[in-house]
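K.L.:
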Amino acid sequence: MPKRKRKENPDLKATCLKEIEELSKEINCLENDLEIKERHVAEVFADESLAGIINSLRVGHRNPRKKSNEEQELNLLLSKLEKLESLTGIIFDENKAELISSTDDYINNNIKIARTAKRWRRILSGKCFSLPFLIQFETEEIPEEEEPANVKKAVEDHEDITVRVTKLSFEVNCPLAAKELNRFIATAEQEKAIGTTFIALEQYAKWYDCRKKTFVHFKSKYPDLVCIFDGPNRSDTMEIRNRVHIGLYFIIHWTIIIQKDGNVLPQIDAFVACPSKVCGSEIMPVLNSTPEQFRKMLSRFGIEQAIECIIMIAQQ
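For the sequence shown, UniProt numbering gives the first residue as 1, with consecutive numbering after it.
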């Protein structure tokens, strides 16, 4: 006997689709919450670790210690660096400290105090993910309180010292990154905000590396369709060509915005470049809706899937 065709229940289908869409939204919300929490933990840990590293790198104001204590402190410092690298992607290649000046007498509230104040120049260079950076800053170390000459502290290692950043210089060895970070760098250098600088560097480098890898992925997968001018390290734009309609291009523009407080926001848009003589009037409404449809796909499916959809449209 021939099999009877199973009738589709339109209400059941609509209900299932609605539940799938609600689950997808819930998953996106949970992923966003998880990303925010992970970023917050990384930022807090980066601030605390950097402060600890800077304090540990002070030279000259403490008495010599026993070798065993020095080895313990070195191992602790290396452990902090390893945790910092794994959480933030920052790897230090160079760490230099140079004593600029040491003054036995310094002025505090118009009072001359016989205590030693030191000024240091420090150079930190390395990579954050795949982005090379160079940070130079100067610090001034001043004892917090005056002690009489005949009074000695029981523990010299716990001398209270105030450290103040007096100069800050921040460079990245990439024209595109330097352009996108230009405004933030100017503000950070003016405010001498070294903690905010490291937070912005970690967040920006993460998105910079993500953009570069995404562009390389699609260029390798679709070499005849995808064009990246100046290479993925120097470009924020990916062009997708249509084989049928010569002159029809889909453009992915991916910029990275850095706010004053160091937070980083990626902005990804899709545009269509098409002369009116190339495409007929019947497909122009579809092309004109591409930017809006791309933003919807971006929020629902993520970056790679949204770009993949644009490439599929370009292949038709």
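Yeah, the Cβ is synthetic: ideal placement off N, Cα and C, and Gly gets one too.
(1) Count the CB pairs spanning the segment 184-192 and the segment 230-248 that are closer than 8 Å, and state whether there are at least three.
(2) Determine the direct distance from the alpha carbon of residue 231 to that of residue 243, and round the result to whole angstroms.
(3) Rounded to a whole number of angstroms, what is the C-alpha to C-alpha distance between residue 298 and residue 96?
(4) From residue 20 to residue 84, what does the alpha carbon distance come to, in whole angstroms?
(5) Got a sec, what are the start and stop residues for the beta strand (DSSP E) residue 253 sits in?
(6) Just verifying my parser: in three-state terms, what is the DSSP assignment at residue 195?
(7) Within its chain, find whatever has a CB closer than 6 Å to the CB of residue 164; leave out the 5 residues flanking it on each side and keep chain order.
(8) In whole angstroms, what separates the C-alpha of residue 166 from that of residue 264?
(9) Quickly, what does DSSP pair residue 136 with across the bridge? List them, please.
(10) Exposed or buried, which one is residue 304 when buried takes at least 16 other CB atoms within 10 Å?
(11) With DSSP run on the structure shown, which of helix, strand or coil describes residue 151?
(12) So residue 176 packs on residue 311, CB below 8 Å; how close in whole Å?
(13) Out of 212, 198, 196, 199, point me to the one whose CA is closest to residue 174's CA.
(14) Using a Cβ-Cβ cutoff of less than 6 Å, which residues in the same chain neighbour residue 98 once the five nearest sequence positions on both sides are dropped?
(15) List the endpoints of the continuous beta strand (DSSP E) containing residue 266.
(16) Give the range of the alpha helix (DSSP H) segment to which residue 288 is assigned.
(17) Do residue 117 and residue 142 have their CB atoms nearer than 7 Å?
(18) One question on the structure: do residue 255 and residue 270 come within less than 7 Å of each other, judged by their Cβ atoms?
(19) Just the Cα atoms here: how many angstroms apart are residue 292 and residue 302?
(20) Just the C-alpha distance for residue 101 and residue 119, rounded to the nearest angstrom, thanks.
(21) Per DSSP, residue 163 is paired with what?
(22) Would DSSP call residue 95 helix, strand or coil?
(23) Just verifying my parser: in three-state terms, what is the DSSP assignment at residue 240?
(24) Please say whether residue 184 and residue 200 have beta carbons closer to each other than 7 Å?
(25) From residue 316 to residue 309, what distance separates their C-alpha atoms?
(26) If we ignore side chains and look at the alpha-carbon of each, how far apart do residue 75 and residue 69 end up?
(27) Quickly, what does DSSP pair residue 101 with across the bridge? List them, please.
(28) In terms of residues, what are the limits of the alpha helix (DSSP H) holding residue 316?
(29) Looking at the structure shown, is residue 228 part of a helix, part of a strand, or coil, going by DSSP?
(30) Looking only at its own chain, which residues have a Cβ that is under 8 Å from the Cβ of residue 151, when we skip the five neighbours before and after it?
P.N.:
So, from the data block:
(1) Output reads no: the segment 230-248 does not touch the segment 184-192.
(2) 22 Å
(3) 44 Å
(4) Their backbone Cα atoms lie some 39 Å apart in a straight line.
(5) Where residue 253 is concerned, the enclosing beta strand (DSSP E) stretches over 249-258.
(6) In the structure shown, residue 195 sits in a helix (DSSP, three-state: H, G or I).
(7) Excluding its 5 nearest sequence neighbours in each direction, residue 164 has C-beta neighbours in its own chain below 6 Å: 140, listed in chain order.
(8) 26 Å
(9) 123, 169
(10) exposed
(11) Its pLDDT being 35, under 50, residue 151 is placed unreliably in this model, and the value from its coordinates should be taken loosely. Looking at residue 151 - three-state DSSP - the assignment turns out to be coil, as it is neither helix nor strand.
(12) At roughly 23 Å, the Cβ-Cβ gap does not stay under 8 Å, so residue 176 and residue 311 are not in contact.
(13) 212
(14) Correct list, in chain order: 121.
(15) 264-273
(16) 284-288
(17) The answer is yes: Cβ separation under 7 Å.
(18) Taking the C-beta atoms as reference points, residue 270 is found no nearer than 7 Å to residue 255.
(19) Distance between the alpha carbons of residue 292 and residue 302 is about 15 Å.
(20) 5 Å
(21) Answer is 141, bridged to residue 163.
(22) strand
(23) DSSP places residue 240 within a strand segment (E or B) once states are collapsed to three.
(24) Against a cut-off of 7 Å, the Cβ pair of residue 184 and residue 200 comes out as a contact.
(25) 11 Å
(26) 10 Å
(27) 119
(28) For residue 316, there is no enclosing alpha helix (DSSP H), since its DSSP letter is neither H nor E.
(29) coil
(30) Here the model assigns residue 151 a pLDDT of 35, short of 50, so the residue's position is not dependable, and the following value carries that caveat. Scanning its chain for C-beta atoms nearer than 8 Å, with the 5 sequence neighbours on each side dropped, one finds no residue around residue 151.
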